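Let me begin by presenting the structure, written as C-alpha cells, before commenting on it.
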Amino acid sequence: MPPAAELPAFLQEFLQTFIDGEMESQGENPLQGHAAKGLGAFLITSSRASTQVQELRAEMLKLKEAASQDALQIKKLTQCETALHLELVDLRQTDKETKRLLFEESQEALSAHAKILPLRNEVIVLQDKVEDTQAKMVRLEERATQQEVRLGQLEGELVRKDEVFSEIKEELTNDVVGAYGVRFEDAMAQVACVNPGVDLSQTGLTKRIVDGQVVDA
Numbered sequence: 283m284p285p286a287a288e289l290p291a292f293l294q295e296f297l298q299t300f301i302d303g304e305m306e307s308q309g310e311n312p313l314q315g316h317a318a319k320g321l322g323a324f325l326i327t328s329s330r331a332s333t334q335v336q337e338l339r340a341e342m343l344k345l346k347e348a349a350s351q352d353a354l355q356i357k358k359l360t361q362c363e364t365a366l367h368l369e370l371v372d373l374r375q376t377d378k379e380t381k382r383l384l385f386e387e388s389q390e391a392l393s394a395h396a397k398i399l400p401l402r403n404e405v406i407v408l409q410d411k412v413e414d415t416q417a418k419m420v421r422l423e424e425r426a427t428q429q430e431v432r433l434g435q436l437e438g439e440l441v442r443k444d445e446v447f448s449e450i451k452e453e454l455t456n457d458v459v460g461a462y463g464v465r466f467e468d469a470m471a472q473v474a475c476v477n478p479g480v481d482l483s484q485t486g487l488t489k490r491i492v493d494g495q496v497v498d499a
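Counting along the sequence shown from 1, when you hit position 43 you're at 325 in the numbering used here, and nothing is skipped either side.
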C-alpha cells in the first residue's frame, strides 16, 4: 500500500481510524481485513487522482494566464506593427517629398549655373581690362614721377634764371638811371647856360609837368 503521507490530512485521519477498526475485527472475519486494505488503496488512488486533477487545473490556469499574456503580447506586437507600418508610410512619403525637393533644387542650381557662366566670362573680360588699366596706371605714375622730377629741374632753372634776370634788370636800371641822371644834369646845365636867370631848383629827375606846373611824380 502507498504511504499514507501522500494523502491529505483528513483522509489520513479517516484511513487510520478505519484501519485500526478493521485490525480489531480481523480475528473474527479475515475478509473484512482485505476489504479494509482495498478501501485504503482506493482512497489513496483517489487522492492521487484528485491531486493530479488539481495539478492539471493549476497547469491549465497557468496555461490560460500564459495564453492571456501571449494574446496581450500579440496585441502589443500587432499595434507596434501597425505603428511601424504607418511610420514606414510616412517615411516613404517624406522620402518622396525630399526627392522632389532635391530635384527642384537641382533644376534651380542648373538654371543658376547656366546664368552664372556668361557672368563668369564677363568677369574674366573685366579682370583683363582691370589688369590692363592697372598696367597703364603704373606707366602713367612712372611718367608722372619723371615729369615731377623734370618739373623740379625746370623750377630750379627758372629760379636761377629769375635771379639772373633780377641781377641784369638791376644792372640795367642802374645804368639807365645813371645815364638818365647824367643827361638830365647836362640838359639843366645847358638851360642855365642859355638862360642864366632861370630858377631850376624845382626841377629834378622825380618831377614832371602837370597842367603847366612842375609837380612830384
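Beta carbons: idealized from backbone N, C-alpha and C, even for Gly.
Quantities reported herein were computed from a predicted structural model and do not represent experimental measurements.
According to DSSP, residue pairing for Arg-421 in a beta bridge does not occur. Within its own chain, the residues whose Cβ lies closer than 8 Å to the Cβ of Lys-489, once the five positions on either side in sequence are excluded, are Val-496, Val-497, Asp-498 and Ala-499, listed in chain order. About 5 Å separates the Cβ atoms of Met-470 and Leu-482, confirming a contact at the 8 Å cut-off. As the crow flies, the alpha-carbon of Leu-338 is around 10 Å from that of Lys-344. Contact between Leu-487 and Gly-460 fails: their C-beta atoms lie close to 11 Å from each other, not under 8 Å. Residue pairing by DSSP places Arg-490 opposite Val-497 in a beta bridge. The alpha-carbon of Ser-388 is positioned some 29 Å away from that of Val-407. Assigned with DSSP and collapsed to three states, Gly-479 falls in coil, not helix or strand. When only Cα atoms are considered, Ile-356 and Ser-332 end up about 35 Å apart.
Across the structure, Glu-413 and Phe-447 are spaced so that their CA atoms are roughly 49 Å apart. Straight-line spacing of the CA atoms in Met-419 and Asp-410 works out to 14 Å.
In the three-state reduction of the DSSP assignment, Gln-484 falls in the coil class, being assigned neither a helical nor a strand state.
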